[in-house]
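J.: Residue numbers (the working numbering): 15 to 264.
1) Which residue comes first and which comes last in the alpha helix (DSSP H) that contains residue 49?
2) Around the C-beta of residue 176, are 16 or more other C-beta atoms found within 10 angstroms, so that it is buried, or is it exposed?
3) Please name the residue, chosen from 143, 165 and 218, that lies closest to residue 156 on a Cα-to-Cα basis.
4) Which residues share a DSSP beta bridge with residue 146?
5) For residue 117 and residue 86, what's the separation of their Cα atoms in angstroms?
6) With burial defined as no fewer than 16 other Cβ atoms inside 10 Å of the residue's Cβ, what is the status of residue 59: buried or exposed?
7) If you draw a straight line from the alpha carbon of residue 53 to that of residue 35, how long is it in whole angstroms?
8) Tell me the rounded alpha-carbon separation between residue 74 and residue 163.
9) Rounded to the nearest angstrom, what separates residue 182 and residue 88 at their Cα positions?
10) The beta strand (DSSP E) with residue 228 in it runs from where to where?
11) Mind checking which residues open and close the alpha helix (DSSP H) that includes residue 135?
12) Touch check for the stretch 102 to 114 and the stretch 24 to 44: three-plus C-beta pairs under 8 Å?
13) What residues in its chain sit with their C-beta under 7 Å from that of residue 249, if we drop five residues either side in the sequence?
14) Alpha carbon to alpha carbon, what distance is there between residue 232 and residue 255?
15) With respect to the beta strand (DSSP E) encompassing residue 23, which residues constitute its N-terminal and C-terminal limits?
16) Quick one: what does DSSP say residue 102 is sitting in, helix, strand or coil?
17) Do the stretch 214 to 231 and the stretch 197 to 206 touch if we need at least three Cβ pairs shorter than 8 Å?
18) For the candidate residues 189, 123, 128 and 121, whose alpha-carbon lies nearest to that of residue 154?
19) Please check the pair residue 240 and residue 146, which I expect to be a contact at CB under 8 Å, by giving their CB distance rounded to whole angstroms.
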């Protein structure tokens, strides 16, 4: 397989790091974006010719442009984008919500993703590339105190559909990675006090009983989709273990 150039956001830990390691192991080149620099620098040291990185906050106005320029200046092209960054908090009931906090979450989970798509789209047209949005089961299901996060992921999933309609040469897929054993799940267990007891207990027991998805499992699927997602998948939302994605779990 020819080496591809993939931008990965939220690349320093969890799903993003798993996606990155899968791509590097398959000899692809990556442009990594994260606020944390240490893990990115370690990857650069181990894979000097395959890694470029930008330590930046995706909500800062010029980050999307800087990441796109870094990819083009370093590797000359962009073949895929994995939009993986995002935040969970605030976790509050809507009656207790702060509109300003919701706006900050939407900046992180939606508007910064929109900015990256807007910057990279012309390059992805040229390469007939892929955009993979890391969505959530919360995009299609409601949980008490998840209004901000769930609605932002629903917006992200809708964005995937609209990009697919407007850009027939780009394959765009939204993926729910499942309940993954990451820092976000830890945050949920620590801060999900306004969730319903039934929902909170289901997340807590999944962790205690070892039933959480490993980042490498859904991350591996996302990595493979970013390289060679089939055009017939474009505009669709899938759970990572859906039957339609069996080929990407090999």
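The C-beta atom is built at its ideal place from N, Cα and C for all residues, glycine as well. Keep in mind that this is a model prediction, so the values were computed, not measured.
T.: Straight from the coordinates:
1) Position 35 of the chain shown, counted from the start, is the residue given in the question as residue 49. No alpha helix (DSSP H) contains residue 49, which DSSP labels as neither H nor E.
2) As a position in the chain shown, residue 176 is number 162, starting the count at 1. Counting Cβ neighbours within 10 Å, residue 176 comes out exposed, since fewer than 16 surround it.
3) Within the chain shown, the letter at position 142 stands for residue 156. It is 165.
4) Taking the chain shown and counting its residues from 1, one reaches residue 146 at position 132. In the DSSP output, where bridge partners are listed per residue, residue 146 has 96 and 187.
5) As a first step, residue 117 is located in the chain shown; it is residue number 103 there, counting from the start. As a first step, residue 86 is located in the chain shown; it is residue number 72 there, counting from the start. Residue 117 and residue 86: Cα-Cα distance of roughly 31 Å.
6) In the chain shown, the residue the question calls residue 59 occupies position 45. Exposed: under 16 other Cβ atoms inside 10 Å.
7) Within the chain shown, residue 53 is the residue found at index 39, counting from 1. Within the chain shown, residue 35 is the residue found at index 21, counting from 1. So the two alpha carbons sit approximately 11 Å from each other.
8) Locating residue 74 in the chain shown gives position 60, where the first residue counts as 1. Locating residue 163 in the chain shown gives position 149, where the first residue counts as 1. C-alpha separation (whole angstroms): 20 Å.
9) Mapped onto the chain shown, residue 182 falls at position 168. Mapped onto the chain shown, residue 88 falls at position 74. Rounded to whole angstroms, residue 182 to residue 88 spans 27 Å at the Cα level.
10) Here the question's residue 228 lines up with position 214 in the chain shown. Looking at the DSSP string, residue 228 is not in any beta strand (DSSP E), and its letter there is neither H nor E.
11) Counted from its first residue, the chain shown places residue 135 at position 121. It spans 126 to 141 - the alpha helix (DSSP H) in which residue 135 sits, taken as one unbroken run.
12) no
13) For the purposes of this step, residue 249 is identified with residue 235 of the chain shown, where counting begins at 1. So the qualifying residues of the chain are 174, 175, 178, 179 and 186.
14) As a position in the chain shown, residue 255 is number 241, starting the count at 1. As a position in the chain shown, residue 232 is number 218, starting the count at 1. Answer to the nearest angstrom: the Cα atoms are 8 Å apart.
15) Along the chain shown, one-based indexing puts residue 23 at 9. It spans 19 to 23 - the beta strand (DSSP E) in which residue 23 sits, taken as one unbroken run.
16) Taking the chain shown and counting its residues from 1, the one referred to as residue 102 is at position 88. If DSSP states are grouped into helix, strand and coil, residue 102 belongs with coil.
17) yes
18) The sequence position of residue 154 within the chain shown is 140, counting from 1. Comparing Cα-Cα distances from residue 154 to each of 189, 123, 128 and 121, the minimum goes to 189.
19) The count along the chain shown starts at 1 and reaches residue 240 at position 226. The count along the chain shown starts at 1 and reaches residue 146 at position 132. About 5 Å separates the two Cβ atoms, so the contact holds.
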